[in-house]
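Numbering (my numbering), first residue to last: 85 to 272. Each residue gets a CB set at the ideal place from its N, CA and C atoms; glycine is no exception. Read the structure below first, then the notes.
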């Protein structure tokens, strides 16, 4: 049956207009087995509804739970909430193809689909590009080291002040603009 045997959905066995529901728990073992790069730990509940409509199978997923990710700032583990709804439409055809993000064609003679990778993708896509602790929640030792290497410092602040003073005081303009202004003044 393999690591992901639980995630097979037998579509050929469904009667027209039949609706089935499934529940899954994506735990640390699931994320370890799938060996994805984005998420390696978590506890996510999945409610799946499969509805056989004419010649297609419409699947609606509701995922909620938390995943453990490294903070982008201090690298300490942090819990990130996951709450997402997804949809997948499965059709029967000659061969396996993904027509779009939401439409999948599977071989009619096989008549089943494994959802393990789709579930992982739904979780990974629910994680934002940047994930950091709340202010004050980062590892203090790492935060202190980061402050030593911050991109701006007091010298930059002085340059900003000097630029502000230049703006407030006498402003210098490009001599070409001055020449154009003189031409405009002569026409008036």
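query, result
"Taking the alpha-carbon positions, what's the residue 248 to residue 160 distance?", "At residue 248 the pLDDT is 43, less than 50, meaning the model places this residue with poor confidence; the figure from the coordinates comes in the next sentence. Approximately 39 Å, taken between the alpha carbons."
"Does DSSP classify residue 224 as helix, strand or coil?", "helix"
"Skipping 5 residues on each side, what residues in its chain have a beta carbon closer than 7 Å to that of residue 183?", "189"
"By Cβ distance below 6 Å, which residues in the same chain neighbour residue 38 in space, the five residues on each side in sequence not counted?", "Absent from the structure is residue 38, since the part of the chain shown begins at 85 and ends at 272."
"Evaluate residue 141 with the Cβ neighbour count: other Cβ atoms within 10 Å of its Cβ, from every protein chain shown; 16 or more gives buried, anything less gives exposed.", "buried"
"By the 10 Å Cβ neighbour count, where 16 or more other Cβ atoms means buried, how is residue 209 classified, buried or exposed?", "exposed"
"So, helix, strand or coil for residue 124, using DSSP?", "coil"
"Over what stretch of residues does the beta strand (DSSP E) that includes residue 94 continue unbroken?", "92-94"
"Say the cut is 7 Å; is the CB of residue 164 nearer than that to a heavy atom of the ligand GTP?", "Looking for the ligand GTP in the displayed structure turns up nothing, as the structure carries no ligands at all."
"Given a cut-off of 8 Å on the beta-carbon distance, is the pair residue 199 and residue 91 in contact?", "yes"
"Reducing DSSP to helix, strand and coil, say where residue 257 ends up.", "coil"
"So, with DSSP's three-state summary, where would you put residue 183?", "coil"
"Do residue 126 and residue 187 have their beta-carbon atoms positioned less than 8 Å apart in this structure?", "no"
"Measuring CB to CB, does residue 153 end up less than 8 Å from residue 211?", "yes"
"Using 8 Å as the threshold, is the C-beta distance between residue 135 and residue 103 below it?", "yes"
"Which word fits residue 180, buried or exposed, when buried means at least 16 other C-beta atoms lie within 10 angstroms of its C-beta?", "exposed"
"Look up residue 107 in the DSSP assignment and give the residues it is bridged to.", "131"
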